[in-house]
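What follows is a short report on a single structure.
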Amino acid sequence: MPHRPRTFTRPIARLVLAALALVLTSACASVDSDIHLAPFWTQSATADDRIEREALGGAYLERRFEPTGELEVRALKPLVSWRQVGPEEEKVEFLAPLGYWRSKVDSTWGLMLPLLYWRTAPGDWSFEARGVEAPPEAPEREIDVLLLPGFIWSRNARGASKFGIFPIYGELDKFLTWDRVRFVLFPLYVSARRGKSVTHNVLFPVIGWTVGTKDGSPAKPGTSHWRVWPLVSRNAEAGKHSRWTVLWPIFHWNVDGLWKEPAQRRRAFAVLPLFGRTAQGTYRSYSFLWPFFGYAHDPRGRDPKTGKGGFWAWDGPWPFVRLQGGGQNPLATERTRVWPLYSHFEGNGIVADSYLWPFIHDRQEDTPGFRRASFYVLPFYQGWDMTRRADRPAATKESWRRLWPLWRYERKDDWRRTAVLSLDPLMRSSVIDFHYGWMWEIFAWESDGPVRRERSWLGLWRLESTGTETRRSFSGLWSDRTLETEAGQVRETSLLFGLIRWRSGIQELDPGMLRPAFPGPGWPREFAPPARDALPRVAPPSSMPGPSAPRPHSREPEDTARR
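Structure below.
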């Protein structure tokens, strides 16, 4: 075989690769600097003093408070998330919105729809909240567990312990309005106690009777509680009321307010659904073919000269038409309903109108704590404005707008956020916005005074601005930051994953080429001093966090990054 001359191809290739690796290594961005490779990976300093890391277009999110490194959010959305929602308070959400676990100080509670709810807290917490000493028998911890379809267990120091395996057996303290409820093979037997009065039920609700009185005193003549349903029932309390039903729900005789003068007692008689009549003082009401037709009137408040002003109401045919006016009751001064075309209600500080129910709603509320005006054209438009008293802990002014599915706007005092595409049809849900908003929000921007933030779908575009420094970036292709210094404006630009970078601006800060910072853009962690007032430290639930308390900075542009 002919001899082939030795070549230096392989050594040269190795030398070139080694040189290239050395160049790339020396040109790499520091581990703390901004890296923008969306939708795969992004690490950026935010204008509200956070370090934010994203992966997979926003499915993974991590957020830390930069001055201390304290973790505030870590999430793999929508599967699971952990958030620091307040001092000594954290929340884990999983399969949102079906489940959550929340911990505050030494209390925890959680929910897994539709099966499980649990809560545990120190045994003396309710007494401590009232400023009283817990009794010696208070348990070390209170526990509440509800597991559907039929398990309940509760233990606490307020006389509300519960245990039940429905329908086999259960003993429930402080259940609904009863002091204690017991069931065995429900509905075979159920008993309910209120004070020293006990109601027994066999084949609930067919047979029932009550023995004893609430305070343990002998029952007064005329007191009787029993039923053989639906044939006949008797419910009478001496000096309070007397009620009969026969062939329920057909025949009813009721007299309420037995302690009042006979003319002021409320008397009702009905043969349903044919006819019903109620009378109390000057008030009269009648029903015909219940519940479809009814009429009520009361002359109190009527002007003796004009005959106008008395209370009146008409239902018919229910639920389509209801007309009401006059009277002395301030809780419901006026009501008009021609359903579903139109409805109007006025009273108790509320004025509400609806048109083509359930689509169009206009509502005004004026209460001692707040004023609120809302307007809805469901499901496409939702909007409301709320103003609270200045002494309330929540935001003084709040607003909400949604043009579904295109646009959403919200405001809390000076903080504002707008998003393009808002597919969530619910009224408002921070859980849905946090876990799913990153999937459909094409563009979102928010502001709080001079602080501005922007983010596009999958995080491809970002903007962070403190007012004195603005950073903009489109994935790894292009990025720049603009700084307002005492000497003037400086702009630094990065292209092609940080391989080409330069500075332009005033001569005092030496404009020219900058050292590469692969994979770019390589901006340092610290922002220029923010041109804003001190803001409260919060961690809002949106995919782009709201403002937080700034920390002091003192730095100039990236002088050490010169070539």
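For reference, each letter of the sequence shown is one residue, going -29 to -1, 1 to 534 in mature numbering (1 follows the signal peptide of the UniProt record, and there is no 0). A virtual CB, placed ideally from N, CA and C, is assigned to each residue, including glycine.
Inset, instruction - Look at the alpha carbon of residue 261 and the alpha carbon of residue 91, and state the distance between them as a whole number of angstroms. - result: If I take the Cα positions, the gap works out to 48 Å.
Legend entry - For residue 265, three-class secondary structure by DSSP: strand
Legend entry - Contacting residues, own chain, Cβ-Cβ under 8 Å from residue 78 (five flanking each side not counted): 90, 91, 92, 93 and 96
Inset, instruction - Inspect the beta-carbon positions of residue 155 and residue 171 and report whether they are closer than 9 Å. - result: no
Legend entry - residue 491 to residue 451 span [Cα, whole Å]: 11 Å
Inset, instruction - Counting only runs of 4+ residues fully inside the segment 390 to 473, write out the alpha helix (DSSP H) ranges in chain order. - result: 401 to 411
Legend entry - Residue interval of the beta strand (DSSP E) (run including residue 136): 133 to 136
Legend entry - For residue 50 and residue 86, believed in contact at Cβ under 8 Å, the rounded distance: That pair is no contact at about 18 Å.
Inset, instruction - Starting from the Cα of residue 213, find the closest Cα among 224, 219 and 220 and give me that residue. - result: Looking only at 224, 219 and 220, the smallest Cα-Cα distance to residue 213 is reached by 224.
Legend entry - Beta-carbon contacts of residue 348 that lie in its chain and below 7 Å, excluding the five residues immediately before and after: 330 and 331
Legend entry - Per DSSP, cross-strand counterpart(s) of residue 492: 6
Inset, instruction - Taking all protein chains shown into account, decide if residue 339 is buried (16 or more other Cβ within 10 angstroms of its Cβ) or exposed. - result: exposed
Inset, instruction - Give the DSSP bridge partners of residue 206, in chain order. - result: 196 and 214
Legend entry - Minimum C-alpha distance to residue 343 - residue among 370, 218 and 127: 370
Legend entry - residue 429 versus 421, 444, 439 and 397, residue with shortest Cα-Cα distance: 444
Inset, instruction - With DSSP as the reference, label residue 93 as helix, strand or coil. - result: strand
Inset, instruction - Please confirm whether residue 269 and residue 281 have their CB atoms less than 9 Å apart. - result: yes
Legend entry - residue 298, DSSP secondary structure in three states: Coil.
Legend entry - As assigned by DSSP and simplified to three states, the class of residue 239: Three-state DSSP puts residue 239 in a strand.
Legend entry - Cα-Cα separation between residue 266 and residue 238, rounded to whole angstroms: 16 Å
Legend entry - Coarse secondary structure for residue 121, derived from DSSP in three states: coil
Legend entry - Contact between the segment 379 to 391 and the segment 7 to 21 (3+ Cβ pairs under 8 Å): no
Inset, instruction - Return the Cβ separation of residue 449 and residue 466 in integer angstroms, given the expectation that the two are a contact with Cβ distance under 8 Å. - result: About 6 Å separates the two Cβ atoms, so the contact holds.
Inset, instruction - Work out the CA separation of residue 310 and residue 289 for me, nearest whole Å. - result: Residue 310 has its alpha-carbon roughly 9 Å from the corresponding atom of residue 289.
Legend entry - residue 501 to residue 362 span [Cα, whole Å]: Below a pLDDT of 50, predicted positions are generally treated as unreliable, and residue 501, at 49, falls in that range; the measurement from the model is reported next regardless. Going by the C-alpha atoms only, they are around 29 Å apart.
Legend entry - Euclidean distance between Cα positions of residue 388 and residue 413: 14 Å
Legend entry - Contacts around residue 402, its chain only, beta-carbon distance under 6 Å, and the 5 residues preceding and following it disregarded: Hits under 6 Å: 67 and 68.
Inset, instruction - State the DSSP-derived secondary structure class of residue 234, mapped to helix, strand or coil. - result: helix
Legend entry - Nonlocal neighbours in the same chain, by C-beta distance under 7 Å from residue 503, ignoring five residues either side: Confidence in residue 503 is poor, its pLDDT being 35 and thus under 50, which makes the residue's placement unreliable; the coordinate value appears in the next sentence. Only 420, 421, 422, 437, 438 and 521 meet the Cβ criterion.
Inset, instruction - Taking 9 Å as the cut-off, decide whether the C-beta atoms of residue 125 and residue 144 are in contact. - result: Less than 9 Å separates the beta-carbon of residue 125 from that of residue 144.
Inset, instruction - Measure how close the beta-carbons of residue 84 and residue 70 come, nearest whole angstrom, since I'm counting them as under 8 Å. - result: 7 Å between Cβ atoms; contact.
Inset, instruction - Give me whichever residues DSSP pairs with residue 286 in a beta bridge. - result: 265 and 293
Inset, instruction - Tell me whether residue 247 sits in a helix, a strand or coil according to DSSP, three-state version. - result: strand
Inset, instruction - Using the Cα positions of residue 415 and residue 42, report the straight-line distance between them to the nearest angstrom. - result: 24 Å
Legend entry - Distance, residue 57 Cα to residue 496 Cα: 25 Å
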